[in-house]
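Chains as they are written, first to last, in this note's numbering: chain A, 1 to 75; chain B, 1001 to 1161. Take a look at the structure set out below.
Written out as C-alpha cells, the structure is:
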C-alpha cells in the first residue's frame, strides 16, 4: 500500500512538473493575440483621460491620481 | 494505474522534447523537415542565419532592414538568411511580407513545427550557423545598431573560417 502511494505521489510530481511548462506558459512566439493593440487597456486616450478624471475626483481626499495633498480639497 | 503510467510517459516525453531545443554547439537540423512545403535555399557549406519573426513584433520589423543589408553585403560571400515567420494567420504573414520586401528567403511556419523545435526564447530570436552546420551564436531580441554590429562581426568571422 505504501509503495503504491509513494509511486502515485512520484508520478503525480513528475506529471505536474512537466505539464505546467507546456500547458500554462505562453511561449514568446505564441503571443500574437496578447500583442494585439486591442489588448491594450489604455488604447483609447479619451476614455483613459475621462477615467483618470473620474478617479482623481473621487479619490481627491487621498491625493487623487498620485498628486500630493492632504485631503483639504485644495489640490 | 495504467492511465497514470500512460500520463507519466506522455509528460516525460514532453519534457524530453523541451530538453532537445538547439543550443550553441549543436547541429542545425534539416529545416525542410520542420517547414514542410517551404522552398528553402541550399545551406550546405554556407554560413546560415535562421531568424524567427512575427508580424506583431516591432523589433522583428526593425531587424528586417538590418538583415536586408547583411544579405546584400554577404550573400555573394556565402551567407544565407532564412526568416521564419510564426504568425498564426496566413493573412498577417502575407501582409507583413508584402509591406517589408526583402531579398532573402522567408518561410511561414504554419504549424509552429520549427518554433516548437527551436523554442526561440524571445521574439525575434536568431541562430547563426557556421559552414559545417553547427550553431555558433544565438541572438535574443534585436537591439538596433548594436545587434547589427554583432551580426556583422560574427558573420565575417564565420565566413573567414
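Ideal Cβ placement from N, Cα and C applies to all residues, glycine included.
CB contact flag (residue i, residue j, <8 Å)
i: residue 1135 (chain B); j: residue 1041 (chain B); result: no
i: residue 1105 (chain B); j: residue 1082 (chain B); result: yes
i: residue 1159 (chain B); j: residue 1077 (chain B); result: yes
i: residue 1055 (chain B); j: residue 1095 (chain B); result: yes
i: residue 1031 (chain B); j: residue 1114 (chain B); result: yes
i: residue 1085 (chain B); j: residue 1074 (chain B); result: no
Proximal residues of chain A, C-beta to C-beta of residue i below 7 Å
i: residue 1087 (chain B); result: 32
i: residue 1054 (chain B); result: 29, 32
Neighbour flag for residue i against chain A, beta carbons, 8 Å
i: residue 1096 (chain B); result: no
i: residue 995 (chain B); result: This structure does not reach residue 995 (chain B), given that chain B is present from 1001 up to 1161, and the question cannot be answered.
i: residue 1108 (chain B); result: no
i: residue 1100 (chain B); result: no
Partner residues on chain A for residue i, Cβ-Cβ distance less than 8 Å
i: residue 1060 (chain B); result: The contacting residues do not exist; residue 1060 (chain B) stays about 11 Å from chain A at best.
8 Å Cβ cutoff, residue i in contact with chain B
i: residue 35 (chain A); result: yes
i: residue 2 (chain A); result: no
Boundaries (first-last residue) of the alpha helix (DSSP H) holding residue i
i: residue 44 (chain A); result: Careful: residue 44 (chain A) lies outside any alpha helix (DSSP H) and carries neither H nor E.
i: residue 1031 (chain B); result: 1031-1034
i: residue 1095 (chain B); result: 1090-1099
i: residue 1066 (chain B); result: 1058-1074
i: residue 1116 (chain B); result: 1113-1118
i: residue 1105 (chain B); result: Counting along the chain, residue 1105 (chain B) falls outside any alpha helix (DSSP H), though it belongs to the beta strand (DSSP E) covering 1105-1108.
i: residue 1158 (chain B); result: 1145-1160
Contacts of residue i in chain A (Cβ-Cβ under 9 Å)
i: residue 1071 (chain B); result: Those within 9 Å of residue 1071 (chain B) in chain A number zero; the least Cβ separation is about 23 Å.
Residue span of the beta strand (DSSP E) that contains residue i, given as start and end
i: residue 1132 (chain B); result: Premise fails: residue 1132 (chain B) is in no beta strand (DSSP E) and is neither H nor E.
Residue i CB to nearest heavy atom of the ligand NAP below 7 Å
i: residue 1119 (chain B); result: Because no ligand of any kind appears in the structure shown, any question about the ligand NAP cannot be addressed here.
What residues in the stretch 1117-1141 of chain B bring their beta carbon closer than 8 Å to a beta carbon of chain A? Residues 1119, 1120, 1121, 1122, 1123, 1125.
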